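Asks: Following our numbering, the numbering of the sequence shown begins with 66 at its first residue and continues without gaps. Even glycine gets a Cβ: it sits at the ideal position worked out from N, Cα and C. Predicted, not measured: the structure shown is a model, and the values here were computed from it. One structure, as structure tokens, below. Some questions next.
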Amino acid sequence: MTNTKADATVVHCSLGLPGQIDAFEFARRGRTQAGVFSVHRLQRLLDGLEDQPSVELVELNDAPEAPGLVRYVLVGQLNASGRPQLVLRVQTKLLLECQRCLGPMMLSIDRQTAFDLVRREADLGEESFDEDSIDEPEKLVGSRQFDVLDLIEDELILEVPYVPRHEQCTDMAETESDDSEDDVGEARPSPFAVLEQLKSKR
Ligand SMILES: [Zn+2]
């Protein structure tokens, strides 16, 4: 027995890249789109990042626990004043290099942003700076051929820190005090090798 009507709130997740949408139509009709795809499709994001793991997506439920995948949900709706709005949630895990210990660092991203759609670039400029405007939706120029993938990529790029750092580097507590900075022209030891050394000292 299928009761698809009752399940209307369930978001069906699809594999693959989001296509283009008519942004205003999408919002007016309250549409929802969700999916999972490989982070390797986001070339602007990957520019300058470490190599990201490649994952073959077997089960949708794994995403985005497996690094290398991006999951998104796009919801169209009308805001309180009846204007078309898009709400985008993106989740992924990126492999970065900590700029303090140069060890690998996994960054979990879970970002949700509401965008009020406007017709023209000229309409973007009227941001108000009231005290409570911080939580106000951003404005976004919508179009009939709106590129969802582009928006997802923009959102992820905003989450990548300029100088990524572990909150606490694993092997720094020991090395910070002694200033033996003899890494001139020498290959840096891998953080795991250092860990092994620390262990064997005991
Ligand atoms: Zn670190």
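1. For the pair the stretch 161 to 171 and the stretch 105 to 112, tell me if three or more CB-CB distances fall below 8 angstroms.
2. If you run the structure through DSSP and keep just helix, strand and coil, what is Val29?
3. Put Glu232 into one of helix, strand or coil per three-state DSSP.
4. Identify every run of the beta strand (DSSP E) within the stretch 85 to 129, keeping only runs that are complete inside it and at least 3 residues long; order them along the chain.
5. With distance defined between alpha-carbon atoms, name the residue in Pro149, Pro202 and Leu182 nearest to Arg94.
6. Should Leu114 and Val155 be called a contact, given that it needs their Cβ atoms to be closer than 9 angstroms?
7. Within the present structure, is the beta-carbon of His37 separated from the nearest heavy atom of ligand 1 by less than 8 angstroms?
8. Can you tell me the Cα-Cα spacing of Arg230 and Leu172, whole angstroms?
Replies: Walking through what the data contain:
1. no
2. Here the chain has residues from 66 to 267 only, and residue 29 is not among them.
3. As a first step, residue 232 must be located in the sequence shown, where it is residue number 167. If DSSP states are grouped into helix, strand and coil, Glu232 belongs with coil.
4. 97 to 103
5. For the purposes of this step, residue 94 is taken as residue 29 along the sequence shown, with counting starting at 1. Measuring from the Cα of Arg94, the nearest candidate turns out to be Pro149.
6. Within the sequence shown, residue 114 is the residue found at index 49, counting from 1. Within the sequence shown, residue 155 is the residue found at index 90, counting from 1. Against a cut-off of 9 angstroms, the Cβ pair of Val155 and Leu114 comes out as no contact.
7. Lying before the first or after the last residue shown, residue 37 is absent from the chain, which here runs from 66 to 267.
8. Looking up residue 230 in the sequence shown gives position 165. Looking up residue 172 in the sequence shown gives position 107. C-alpha separation (whole angstroms): 10 angstroms.
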